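Undergrad: Handing you this structure, nothing more for now.
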Amino acid sequence: MDELIKILVVDDDDSGREALTLLLRSAGYAVTSAATGEIALELIDKEQYQVIVSDLFLPDISGFDILQNVQKVAPATEVIVVTGHASAQSAVRAMKEGAFDYITKPIDFDELKIVVSKALEKQKLLSENSYLRRQLQGRFEFSNIIGSSPAMNLVFERMNRIVKTDSTVLVTGESGTGKELVARALHYNGTRRERPFIAVNCSAIPETLLESELFGHVRGAFTGAIKDKPGKFEAANHGTIFLDEIGTLPLHLQAKMLRVLQEHEVERVGATKPIKLQVRVISATNADLEEMVKRGEFREDLFYRLNVIPLHLPPLRERQQDIAFLTAFFLEKQCRLMGRQLCTINKQAFEILERYSWPGNVRELENLIERMVALTDANVITVEDIPSKIVAEKAEGESTYVTMPTGGVNMVATISRIEQQLITQAMDSAGGVKAKAAALLGINRTTLVEKIKRLKME
Ligand SMILES: Nc1ncnc2c1ncn2[C@@H]1O[C@H](COP(=O)(O)OP(=O)(O)O)[C@@H](O)[C@H]1O
Ligand SMILES: [Mg+2]
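Spelled out as structure tokens, the structure:
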């Protein structure tokens, strides 16, 4: 096992402390021990331990104080508390305050070893995240686009394939999934990087102005056209034009757009002669263009022109494993921008972010982190820093919230189905031991046995 894994043992009882130290050393860990809470706090300040095994009742300060302190100064450290057998209440409190787990005296050494290795396993997740992120940065040039989910890896793969080409790309995805970020990355890592990148948000410009914005106009073309003006396409010549929200382009402009893309030339409004252009087109939409084609709201020929290389960005809720990376990335970024010491987020708070549905996708996450960092003086983001709306959504998801179908429901059958699912899962995680499964479900063993029989689950 890795010698670098550092464990701190805190216990005022000499023989207990020595036994724990020896045991964990024999399991291959680098163990330091402290006989008082004060010594422990000093050590925690100086050294980063992966795991702390602490007695809850110490002569000077309590294990709860140690727990609190660790969360402030070393939030990545897992704390396992040791309690006397009669103190279930303090064990529960310790868990609530963020302990990884508790074990009761007299200590079962095998149990302790298992709990320690579980704590290390859980910890690995977060450190692997930053490791993976560094790897990604090496592998791809798109270092400011964070993601390691299979879905994002597909996106990166495709981006790598097309970044050195002039292919027309259509980026699809909900608002805030990173469509513009991807478009910019393609441009600034491509062969046209020295040339302009011009972004036009088709939905933000009034319809009456859009044509002249895109294609330009000549003097006298309409009231107010007092001189010749080049459009965005001309401005983007030899570079990239990014047509955002392309689904909102009115039908008559769709026809003109198609001509520009097919002929590689643009005609300013009111002009008689076209101008030759060499522009790469990347467009983006959060609308389902194929659906719009079916409804006759978007020209099919234009759709095929734009959709040469499709690039889909899935919503954040479908790539949950990116949330850790993005959170770390934005925390780092915000703290740097605000000139502050690096902030972290504790596990309980992170789990809430991980489960939230993120209707505003990455943009919502980025804004939330900016706001949380700005509003706290602490270096650790906790549940209290998260707006209650987001915390509440998590609670609802957890309480197996069900909605009655409009046509009514067979309640007995539905409840049986839920019971079956919960029992199956409990039995699985209890390794088939009924007493353990019953404990996980908060019922006693005989009730569980009866239910299994009644539901014919055997
Ligand atoms: N994968 C990502 N990694 C880092 N930042 C991201 C990522 N996706 C989106 N963002 C950030 O989220 C915000 C919204 O992204 P944007 O590209 O404007 O989304 P969209 O155009 O799809 O609405 C931007 O600040 C962007 O930098
Ligand atoms: Mg956008």
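Mind the numbering: the sequence shown is residues 3 to 460 in the numbering used here, read in order. Virtual Cβ for every residue (Gly too), placed ideally from N, Cα, C. It should be emphasised that the depicted structure is a prediction, and the values quoted were computed from it without experimental measurement.
1. Grouping DSSP H, G and I as helix and E and B as strand, with all else coil, what is threonine 416?
2. Quick check: valine 283 and valine 385, are their CB atoms within less than 9 Å of each other?
3. Take the Cβ of aspartate 4 as the centre, count every other Cβ of all protein chains shown within 10 Å, and call the residue buried at 16 or more, exposed below.
4. Using only the alpha-carbon positions, how far apart do tyrosine 2 and lysine 231 sit?
5. Looking only at DSSP bridge pairs, what is aspartate 430 linked to?
6. Measuring alpha carbon to alpha carbon, tell me which of Val53, Lys107, Val94 and Ser92 ends up nearest valine 81.
7. Where in the stretch 142-184 do unbroken runs of the alpha helix (DSSP H), each at least 4 residues long, occur, reported from the N-terminal end onward?
8. Can you find the residues in the same chain that come closer than 6 Å, C-beta to C-beta, to valine 184, ignoring five residues on each side of it along the sequence?
9. Out of Glu40, Leu333 and Asp47, state which residue places its alpha-carbon closest to the alpha-carbon of serine 64.
10. Quick check: the Cα distance between histidine 314 and arginine 419, rounded to an integer number of angstroms?
11. Spatial neighbours of arginine 27 within its chain, please: C-beta separation below 6 Å, excluding the five flanking residues on both sides.
12. Pick helix, strand or coil for glutamate 334, following the three-state DSSP scheme.
13. Could you tell me the distance, in whole angstroms, from the CA atom of threonine 449 to the CA atom of alanine 439?
14. Leaving out the 5 sequence neighbours to the left and right, which residues in its chain are closer than 7 Å to leucine 251 when beta-carbon positions are compared?
15. Closer than 8 Å to a non-hydrogen atom of ligand 1 - does that hold for the CB of isoleucine 9?
16. So is the beta-carbon of serine 177 under 8 Å away from any non-hydrogen atom of ligand 1?
17. Any heavy atom of ligand 2 inside 8 Å of the beta-carbon of aspartate 290?
18. Alpha carbon to alpha carbon, how far is glycine 140 from asparagine 146?
19. For the stretch 210-227 against the stretch 321-328, do three or more pairs of beta-carbon atoms, one drawn from each stretch, fall closer than 8 Å, so that the two count as touching?
20. Is any non-hydrogen atom of ligand 2 found closer than 8 Å to the C-beta of glutamate 182, if you look at the structure I gave you?
21. Comparing C-alpha positions only, which one of Asn412, Gly226, Ile105 and Phe244 sits nearest to threonine 85?
22. Going by beta-carbon coordinates alone, are leucine 355 and cysteine 345 separated by less than 9 Å?
23. Suppose contacts are defined by Cβ-Cβ distances below 9 Å. Is alanine 376 in contact with methionine 340 by that definition?
24. Could you tell me if histidine 219 is buried or exposed, where buried requires 16 or more neighbouring beta carbons within 10 angstroms of its beta carbon?
25. Grab the span of the beta strand (DSSP E) containing aspartate 246 for me, first residue to last.
TA: Considering the structure as presented:
1. helix
2. no
3. Annotation note: pLDDT 47 at aspartate 4 (below 50); position unreliable, coordinate value reported separately. Result: exposed.
4. Look at the range of the chain in this structure, 3 to 460, and you will see that residue 2 is not part of it.
5. Paired residues: none, contrary to the question.
6. Val53
7. 152-164
8. Val173
9. Glu40
10. 36 Å
11. Val33
12. helix
13. 11 Å
14. Cys204 and Met259
15. no
16. yes
17. no
18. With a pLDDT of 43 at glycine 140, under the threshold of 50, the modelled position of this residue cannot be trusted; read the value that follows with caution. If I take the Cα positions, the gap works out to 12 Å.
19. no
20. yes
21. Ile105
22. no
23. yes
24. buried
25. 242-246
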